[in-house]
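**Student:**
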Amino acid sequence: MKLTIAITGASGVVYGKRLLEVLHRKEIETHLVISQAAKEIINHELGTSEKSLETLANHVYDVDDWGSPIVSGSFKTDGMVIVPCSMKTLAGIANGFAENVILRAADVMLKEKRKLIIVPRETPLNSVHLRNMLDLKNQGVHIVPAMPAYYHKPKTISNLVDFMIGRILDILEIEHNLYQRWQEVQKTG
Ligand SMILES: Cc1cc2nc3c(=O)[nH]c(=O)nc-3n(C[C@H](O)[C@H](O)[C@H](O)COP(=O)(O)O)c2cc1C
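In terms of this note's numbering, the sequence shown opens at residue 17 and continues consecutively.
Written as structure tokens, this is what we have:
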């Protein structure tokens, strides 16, 4: 399996980091792009530079590297995850505004009808955000808001993060035990 992963400038960059860790452990090939805004937020929220995330990926591209393979539909991948996804990047994808490598790679997913998973993070949402999400949903995009559940009784922030990553892996059909499913919760109480 081969996946494109993008981390954009929304709060919750820890989700991107954790997804990379899990995919790395599962030896799934990853092609990573981190936006400039995301690099600053990684610094602020994780207290580290983007380099520590880049070491978890197989290939890393600059957001302006038009020579990177992921800008072309002829480069076969099994899908793309944008986690977290800013409202700016969401708007760019919804409107075909492919002015950087992340936006173009997402545009490729749409035109090639490949799996695109977007993890938007903003609150509250305005009608432009909601309209953009609906437009993308209607094109077959998986909209997976960074909204962890609480029915599995999380005790740590990691439990909340892993719930979200588990939901992403469910869509990608990758086996995992990152969170306890409702049926298991019912059995264990
Ligand atoms: C600390 C910080 C947190 C931010 N959090 C969000 C957020 O949660 N959601 C969002 O849509 N934008 C957020 N922004 C604004 C985006 O970073 C900004 O719109 C940026 O242009 C996004 O660019 P990108 O999509 O290319 O990464 C945040 C900015 C900063 C500095």
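Backbone N, C-alpha and C fix where the C-beta goes; we use that ideal spot for every residue, glycine too.
As the structure is a computational prediction, the values presented were derived from the model and not from experiment.
Can you check DSSP and say which residues form a bridge with residue 18?
**Tutor:** Position 2 of the sequence shown, counted from the start, is the residue given in the question as residue 18. DSSP lists 45 as partners of residue 18.
**Student:** Have a look at the DSSP bridge pairing and note the partners of residue 96.
**Tutor:** Stepping through the sequence shown from its first residue, residue 96 is reached at position 80. Answer is 20 and 132.
**Student:** In this structure, how does DSSP classify residue 159 when only helix, strand and coil are distinguished?
**Tutor:** Translated into positions along the sequence shown, residue 159 becomes position 143. Of the three classes helix, strand and coil, the one that applies to residue 159 here is strand, per DSSP.
**Student:** So who's on the other strand from residue 75, going by DSSP bridges?
**Tutor:** Taking the sequence shown and counting its residues from 1, the one referred to as residue 75 is at position 59. DSSP output for residue 75 lists 47 as bridge partner(s).
**Student:** Any heavy atom of ligand 1 closer than 7 Å to the CB of residue 105?
**Tutor:** As a position in the sequence shown, residue 105 is number 89, starting the count at 1. Yes, the Cβ of residue 105 comes within 7 Å of a heavy atom of ligand 1.
**Student:** Checking 8 Å against the spacing of the C-beta atoms, do residue 66 and residue 50 come in under that value?
**Tutor:** One-based indexing of the sequence shown puts residue 66 at position 50. One-based indexing of the sequence shown puts residue 50 at position 34. Cβ atoms of residue 66 and residue 50: closer than 8 Å.
**Student:** Would you call the stretch 71-83 and the stretch 107-115 touching, i.e. three or more CB-CB distances under 8 Å?
**Tutor:** As far as the Cβ criterion goes, the stretch 71-83 does not touch the stretch 107-115, which means the pair count is below three.
**Student:** Decide yes or no for the touch test of the stretch 162-177 against the stretch 23-37: beta carbon pairs closer than 8 Å, at least 3 of them.
**Tutor:** Counting Cβ pairs under 8 Å, three or more are found: they touch.
**Student:** Given that a residue counts as buried once 16 or more other Cβ atoms are within 10 Å of its Cβ, and exposed if not, what is residue 48?
**Tutor:** As a working note, residue 48 is residue 32 in the sequence shown. Residue 48 comes out buried.
**Student:** Could you work out which residue in 195, 127 and 42 is closest to residue 165 when comparing CA atoms only?
**Tutor:** Here residue 165 corresponds to residue number 149 of the sequence shown, with the count starting at 1. That would be 195, whose Cα lies nearest to the Cα of residue 165.
**Student:** Report yes if the C-beta distance between residue 93 and residue 18 is below 8 Å; otherwise report no.
**Tutor:** The residue given as residue 93 occupies position 77 in the sequence shown. The residue given as residue 18 occupies position 2 in the sequence shown. A contact, by the Cβ cut-off of 8 Å.
**Student:** Residue 190: which of 40, 144, 82 and 63 sits nearest, CA to CA?
**Tutor:** Within the sequence shown, numbered from 1, the residue matching residue 190 stands at position 174. Comparing Cα-Cα distances from residue 190 to each of 40, 144, 82 and 63, the minimum goes to 40.
**Student:** Does any heavy atom of ligand 1 sit closer than 7 Å to the C-beta of residue 147?
**Tutor:** Residue numbering aside, residue 147 sits at position 131 when the sequence shown is read from its first letter. Not under cutoff, so the answer is no.
**Student:** Comparing alpha-carbon positions, which option in 86, 154 and 122 lies nearest residue 105?
**Tutor:** Translated into positions along the sequence shown, residue 105 becomes position 89. Residue 122 is the option with its Cα nearest to residue 105.
**Student:** Within 10 angstroms of the Cβ of residue 168, are there 16 or more other Cβ atoms? Answer buried if so, exposed if not.
**Tutor:** Stepping through the sequence shown from its first residue, residue 168 is reached at position 152. With 16 or more other Cβ atoms within 10 Å, it is buried.
**Student:** Measuring alpha carbon to alpha carbon, tell me which residue in 103, 120 and 107 is nearest residue 21.
**Tutor:** Position 5 of the sequence shown, counted from the start, is the residue given in the question as residue 21. Nearest option by C-alpha distance: 120.
**Student:** Return the CA-CA distance between residue 285 and residue 173, expressed in angstroms with no decimal places.
**Tutor:** Look at the range of the chain in this structure, 17 to 205, and you will see that residue 285 is not part of it.
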